[in-house]
Amino acid sequence: MEHGKRLTPAAAKQKIYRYCAYQERSHQEVRDKLYEYGLYTSDVDEILSHLITEGFLNEERFAKAFAGGKFRMQHWGRVKIVHELEAHGLTKNCINLGLKEIDEEDYQRVLHDVLARKLAQLDVTNPFVTRDKLARYAIQKGFEPDLVWPLVKDLVPVA
């Protein structure tokens, strides 16, 4: 968008409909985009409520799509997903609904796969350094330390 160019509320509404139809969006993302279009708060609030009423915006649907997608596609752990959903301004209730999209068996399998793949890339002889690097990697991807450490200890036994 050109600097200083404002859209009329009607033009912004048409543009934001396409923006919302393309993929699930959080209320915060849409609010920010409407402000980028140069709209005033009253117009932004009106368009937002219209989008919610029409079913274009639904935070529960967004949370489910976001959590499921980040887990399946990027192998994020729950901790990272929760932080991102909080950054989008979602309620605890919506976040919990989103996390229900992650099957526990799949979660354990993905964590194991993430660790095994990383272990194959590491070229370290000291098992304690290897464990540390593996655990840090998985925790940084958002997996819970209490799930990571037992698995790391199974994958990298100490002689």
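Heads up: the sequence shown at position 115 corresponds to 114 in numbering that gives the first Met the number 0, and the numbers run straight through without jumps. We put the beta carbon where it would ideally sit given N, CA and C, even for glycine. The structure presented is a predicted model; accordingly, all values stated were derived computationally and were not measured.
Inclusion of Leu98 and Phe61 in the CB contact set at 9 angstroms is not warranted, their separation being larger than that value. Using a Cβ distance threshold of 9 angstroms, Lys63 and Glu104 do not count as a contacting pair. Inter-residue distance for Ser25 and Leu133 is about 33 angstroms (C-alpha atoms, whole angstroms).
By the Cβ rule, the region 33-44 does not count as touching the region 67-80, because fewer than three pairs are nearer than 8 angstroms.
Taking all protein chains in view, the Cβ of Lys91 is surrounded by fewer than 16 other Cβ atoms within 10 Å, so the residue is classified as exposed. Between the alpha carbons of Lys4 and Ser48 lies a distance of about 24 angstroms. In the displayed model, Thr40 falls within a helix according to three-state DSSP. Between the alpha carbons of Val147 and Ala137 lies a distance of about 7 angstroms.
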